[in-house]
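Undergrad:
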Amino acid sequence: MSAPKDGPKPPVRLFTPDFLTELFQNPLDPGYADAAARRRETPAATGWRGASARAVAVVVVVAVGFLFAVAYRETMADEPSRSQARAALITQIKQREAETDAMTARAGRLREEVGRQRDAALSGSQAARLRNLEAGTGLGRVRGDGVVVRLADAPTPDDGAVTGDSGAGPSRVIYSDLQKIANDLWAAGAEAISINGQRLTATSTIRSAGAAILVDFRPVTSPYEVSAIGPRSLRDRFDDSRSAYLMRRVARDTGLSFEVREVDDLTLPAAPEPRLRYAEPSVSPSPSPAGSGSSGPSSSPSGGVR
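Mind the numbering: the sequence shown is residues 20 to 325 in this note's numbering, read in order.
1) Touching or not, the region 125-137 and the region 204-215, by the rule of three or more beta carbon pairs under 8 Å?
2) Rounded to the nearest angstrom, what separates residue 164 and residue 249 at their Cα positions?
3) In the structure shown, what three-state DSSP assignment does residue 163 receive?
4) Put residue 130 into one of helix, strand or coil per three-state DSSP.
5) Specify, as a first and last residue, the run of the alpha helix (DSSP H) that residue 144 falls within.
6) Under 8 Å, with one C-beta from each stretch per pair, do the region 150-163 and the region 285-297 reach the 3-pair mark?
7) Taking the Cβ atom as the reference point for each residue, do residue 277 and residue 204 lie within a distance shorter than 8 Å?
8) Threshold first: 4 residues or longer. Then list the alpha helix (DSSP H) segments lying entirely within the region 215-276, N to C.
9) Check whether the region 225-241 and the region 260-272 are in contact - that is, three or more C-beta pairs closer than 8 Å.
10) Identify the continuous alpha helix (DSSP H) that holds residue 194 and give its terminal residues.
11) Around the Cβ of residue 71, are there at least 16 other Cβ atoms within 10 angstroms (buried) or fewer (exposed)?
12) Report the three-state DSSP secondary structure of residue 172 (helix, strand or coil).
13) Could you name the residues that DSSP lists as bridge partners for residue 112?
14) Please report how far the alpha carbon of residue 274 lies from the alpha carbon of residue 190, in whole angstroms.
15) Answer with buried or exposed for residue 79, where buried requires no fewer than 16 other C-beta atoms within 10 angstroms of its C-beta.
16) Does the distance from the C-beta atom of residue 289 to that of residue 218 stay below 8 Å?
17) Can we count residue 285 as close to the ligand NAD, meaning its CB is less than 7 Å from some heavy atom?
18) When the Cα of residue 167 is compared with those of 111, 99, 201 and 84, which residue comes out closest?
19) Could you tell me if residue 302 is buried or exposed, where buried requires 16 or more neighbouring beta carbons within 10 angstroms of its beta carbon?
20) Whole angstroms is fine: what's the gap from residue 253's alpha carbon to residue 246's?
21) Helix, strand or coil for residue 86 per DSSP?
22) Do residue 170 and residue 242 have their beta-carbon atoms positioned less than 8 Å apart in this structure?
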């Protein structure tokens with residue numbers, strides 16, 4: 020009787036662990052494990068490097084602290100001298116402003132005296148024509164009905180936060196605002212304009228120097244009053260101008276103050292005497308005879324004579 024033959028064996032299944040199982044079984048990367056093993060084998064060298072790094076860090080911190088202490092001491096030592104210099108400059112500025120105001124007032128009185136003597140020397144028609152010319156050019160004081168445009172910077176919050184829509188314009192009056200208002204007042208029919216008592220003429224300038232606004236090189240501060248003398252329709256025509264629309268929008272969005280009011284019997288001062296400049300004909304050299312061999316300066320562009 021023969022032994023039974025074995026049947027085919029079932030296949031052996033090999034299970035490969037998935038990624039999560041491998042991650043939980045071996046959370047440490049082999050490279051980190053090898054580095055940890057090397058540190059355990061050479062603990063003395065590792066300790067020496069750590070101590071050296073800590074010593075270098077302490078030295079660096081001490082050096083930086085020493086430099087900060089020296090800088091602070093030098094700053095505090097120079098503070099009294101800077102404060103004294105600033106106070107001296109402020110005193111000089113105020114003194115120069117007072118002297119300038121006094122000289123301006125004296126010049127105005129002298130101008131009025133000259134005008135009285137001139138009127139006495141001239142005939143009535145000639146004096147009247149001269150006064151009209153002075154009023155038109157800004158060299159004479161004028162009176163009449165008109166409007167006053169008042170602008171003022173927005174109040175600054177105590178916390179320094181910015182209020183309003185920053186895209187609508189700054190919350191401070193800038194020199195271009197005064198320029199636009201003056202131009203639109205001229206276009207509306209104004210006959211005479213002044214800004215904070217500074218009379219505008221054909222050669223007047225309105226510009227900025229840092230945070231200050233200068234009118235004919237004289238500083239003006241907030242609030243700004245643009246006074247204009249003109250016809251009865253001056254206010255209505257100015258209210259329809261682009262600058263008035265823009266300033267009303269800026270005032271609504273940023274808190275800047277903008278106001279237009281009519282004023283009766285407005286008086287505008289005279290502008291300072293302008294510095295006149297006269298053109299002078301250039302002196303051309305006399306032509307030299309042909310063939311004279313003169314060694315005078317060359318008239319060609321390359322001769323080097325200006």
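Virtual Cβ for every residue (Gly too), placed ideally from N, Cα, C.
TA: With the given structure in hand:
1) No: the two stretches stay apart, fewer than three of their Cβ pairs being nearer than 8 Å.
2) Sequence index remark: in the sequence shown, residue 164 carries index 145 (1-based). Sequence index remark: in the sequence shown, residue 249 carries index 230 (1-based). Distance between the alpha carbons of residue 164 and residue 249: 7 Å.
3) Along the sequence shown, read from residue 1 onward, the residue named residue 163 stands at position 144. Strand.
4) Position 111 of the sequence shown, counting from 1, holds the residue named residue 130. The answer is helix: DSSP assigns residue 130 an H, G or I state.
5) As a first step, residue 144 is located in the sequence shown; it is residue number 125 there, counting from the start. Segment 143-156, the alpha helix (DSSP H) holding residue 144.
6) When C-beta atoms of the region 150-163 are compared with those of the region 285-297, three or more pairs fall below 8 Å, so the two segments count as touching.
7) By one-based count along the sequence shown, residue 277 stands at place 258. By one-based count along the sequence shown, residue 204 stands at place 185. Cβ distance not < 8 Å, so residue 277 and residue 204 don't count as in contact.
8) DSSP runs (the alpha helix (DSSP H)) wholly in the region 215-276: 253-258 and 261-273.
9) Counting C-beta pairs with one atom in each stretch, the region 225-241 and the region 260-272 have fewer than three that are closer than 8 Å, which means they do not touch.
10) Locating residue 194 in the sequence shown gives position 175, where the first residue counts as 1. From DSSP, the alpha helix (DSSP H) with residue 194 extends over 194-206.
11) Translated into positions along the sequence shown, residue 71 becomes position 52. So residue 71 ends up on the exposed side.
12) Here the question's residue 172 lines up with position 153 in the sequence shown. Reduced to three states, the DSSP call for residue 172 is coil.
13) Along the sequence shown, read from residue 1 onward, the residue named residue 112 stands at position 93. Residue 112 pairs with nothing; no bridge assigned.
14) Here residue 274 is taken as the residue at index 255 of the sequence shown, counted from 1. Here residue 190 is taken as the residue at index 171 of the sequence shown, counted from 1. Residue 274 and residue 190 have their C-alpha atoms some 7 Å from each other.
15) In the sequence shown, residue 79 corresponds to position 60, counting from 1. Here residue 79 is exposed, its C-beta having fewer than 16 other C-beta atoms within 10 Å.
16) Here the question's residue 289 lines up with position 270 in the sequence shown. Here the question's residue 218 lines up with position 199 in the sequence shown. The beta carbons of residue 289 and residue 218 sit closer together than 8 Å.
17) Within the structure as shown, the ligand NAD is missing, as the structure has no ligands at all.
18) Here residue 167 refers to the residue found at position 148 when the sequence shown is read from its first residue. Of the candidates 111, 99, 201 and 84, the one whose C-alpha sits nearest the C-alpha of residue 167 is 201.
19) The residue labelled residue 302 in the question sits at position 283 within the sequence shown. Classification for residue 302: exposed.
20) The sequence position of residue 253 within the sequence shown is 234, counting from 1. The sequence position of residue 246 within the sequence shown is 227, counting from 1. About 12 Å.
21) In the sequence shown, counting from the first residue as 1, residue 86 sits at position 67. Secondary structure at residue 86: helix, using DSSP grouped into helix, strand and coil.
22) Working through the sequence shown from its first residue, we reach residue 242 at position 223. Working through the sequence shown from its first residue, we reach residue 170 at position 151. Taking a C-beta distance under 8 Å as the contact criterion, residue 242 and residue 170 qualify as a contact pair.
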